[in-house]
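Count the sequence shown with full-length UniProt numbering and you get residues 1 to 217, in order.
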Amino acid sequence: MNFEQARYNMVEQQIRPWEVLDFGVLDLLMSVRREEFVPEACKALALSEAQIPLGHGGSMLVPVIEGKILQAIQVKRSDKVLEVGAGSGYFAALLAAKADWVRTVDIEPALVNMAHENLKRYGVENVIVEEGDAICGWPSNAPYDLIVVSGGVPQIPESLLQQVKVGGRLFAFVGDERLATAQLVTCVAEGQYRTESLFENGVPMMRNAPRKSQFKF
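Set out below in structure tokens:
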């Protein structure tokens, strides 16, 4: 299979038509080899519109959604990033190409191992992969310039918001697996946030995401 041609088609036919027009994002998606981060059995689908299963209840976001997230969050070289949900390690590799460092956390041990091995094999050195439940925060390196939640949540936990630096951003899908709204939350001052609703899409829900009735403010 000609992966370079397939990657070009992914960008030009899937991602760009959905108004992902940032050249930095498009170049990044062209440069990081997605096929290196998918299970061997799914390599032929790595650059397609398919949602690729990772096993253990995990799956990759489709390429167009990855592109839209990257365009929205505008990663900076100075950013210290927390990713909630490591998956295969692919999105962490995309973040790491632009950020200072990335800490990616997954609740599933098998996916932690997958992400770690994929990132190591690909030569990514500024990502730390950890096992745990970070949906309500990961205090070891908080506060963060950027937090990315890679699946859906009924509502963004307050404890996670509190780990965003002033001037920092948090991206999450808020809703359910049928339809969720992509939200970019900016911490404009201590304890004050501005929320932008960007687009809607169905996404897998995060495991252990607190239900609305469990939130305390």
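A virtual CB, placed ideally from N, CA and C, is assigned to each residue, including glycine.
For this session: Output the residue ranges of the beta strand (DSSP E) runs that lie fully inside the stretch 47 to 100 and measure 3 residues or longer, sorted by chain position.
Result: 53 to 55, 80 to 84
For this session: Give the single residue among V32, I65, W138, N113 whose Cα lies nearest to the Cα of Q163.
Result: W138
Exercise. Per DSSP, I147 forms a beta bridge with which residues?
Worked result: L82, L170
Exercise. Apart from the five residues on each side of it in sequence, which residues of its chain come closer than 7 Å, Cβ to Cβ, to A97?
Worked result: L28, V32
For this session: Put M10 into one of helix, strand or coil per three-state DSSP.
Result: helix
Exercise. In terms of DSSP beta bridges, what is M205 paired with?
Worked result: G152
Problem set entry | Extent of the continuous alpha helix (DSSP H) run through A180 | Per DSSP, A180 belongs to no alpha helix (DSSP H); it is in the beta strand (DSSP E), 180 to 189.
For this session: Could you name the residues of the same chain whose beta carbon sits closer than 6 Å to that of P39, not counting the 5 residues immediately before and after it, in chain order?
Result: none
Problem set entry | 6 Å Cβ shell around A182 - same chain, five flanking residues per side excluded | F173, L198, F199
Exercise. Tell me which same chain residues have a C-beta within less than 8 Å of the C-beta of C136, skipping the five on either side of it?
Worked result: P157, S159, L160, P210
Exercise. Roughly how many angstroms lie between the CA atoms of V153 and H116, to the nearest whole one?
Worked result: 25 Å
For this session: Going by CA-CA distance only, name the one from K68, L45, G57, I69 that's closest to N208.
Result: G57
Problem set entry | Contact under 9 Å by Cβ, N118 with F37 | yes
Exercise. Which two residues bound the contiguous alpha helix (DSSP H) that contains E117?
Worked result: 109 to 122
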